[in-house]
Structure formats: C-alpha cells, structure tokens
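Have a look at the structure below, then the notes.
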Amino acid sequence: MDWSQAQEACICRMCPTFYDCGEKIGYCMPEAHKSQCIRVERGCICPGCPVQEEMKFKHELYCTRGNELKLAGHQEDR
C-alpha cells in the first residue's frame, strides 16, 4: 500500500484526537510525520484502521507521536 492508497483507506478523520488543519492524513505511513497542529490526545482508533491492519503496524497515536518507523525506533524525528 502506498501513501495515497493509505490516505483513502485511513480512518483518521473519525478519530477523537484528529483535528483537520489541512494536513495529509495517514500519519502511520513511513512517508508521513506527526501532525504540526494536533496537540491533545483524546483517544485513538488506529488499532481498528484498515491501513494499520494491512501494513501490520503495531503502534498508535501516530498523529502526535510519529509514524510507524519512528515509533519502532527505526527513524529519527521528522
């Protein structure tokens, strides 16, 4: 799955933490970085996301903490 496909399948917009400030969604993807405008964690629905399931990602709160590679310790902050 590439980033554009992830953005279409992503459920970020339904998340209680999500704030729409015009950023691309799919924060879990390796090409992504954490949000520059989401500051408050209000819950997470990443574990139910089809992107996370298909990509076999294991973390959550990518929008505030960073993408899967960063959270797995394989990438520096972006």
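Terminal number for the sequence shown in numbering that gives the first Met the number 0: 77, no gaps in between. By construction, the Cβ of each residue, glycine as well, lies at the ideal position given by its N, Cα and C atoms. The structure presented is a predicted model; accordingly, all values stated were derived computationally and were not measured.
Segment limits, alpha helix (DSSP H) that includes residue i
i, result
"Thr-16", "Neither: Thr-16 is in no alpha helix (DSSP H) and is coded neither H nor E."
Residue i (DSSP reduced to helix, strand or coil)
i, result
"Arg-64", "helix"
"Ala-8", "helix"
"Pro-49", "helix"
"Ser-34", "coil"
"Lys-69", "helix"
"Met-85", "The question about residue 85 has no answer here: the residues shown for the chain are numbered 0 through 77."
7 Å Cβ shell around residue i - same chain, five flanking residues per side excluded
i, result
"Gly-18", "Before going on, a small fix: residue 18 reads as Tyr here, not Gly. Cys-36 and Ile-37."
Chain-order list of residues whose beta-carbon lies under 8 Å from that of residue i (same chain, five-residue window excluded)
i, result
"Leu-68", "Pro-29 and Gln-74"
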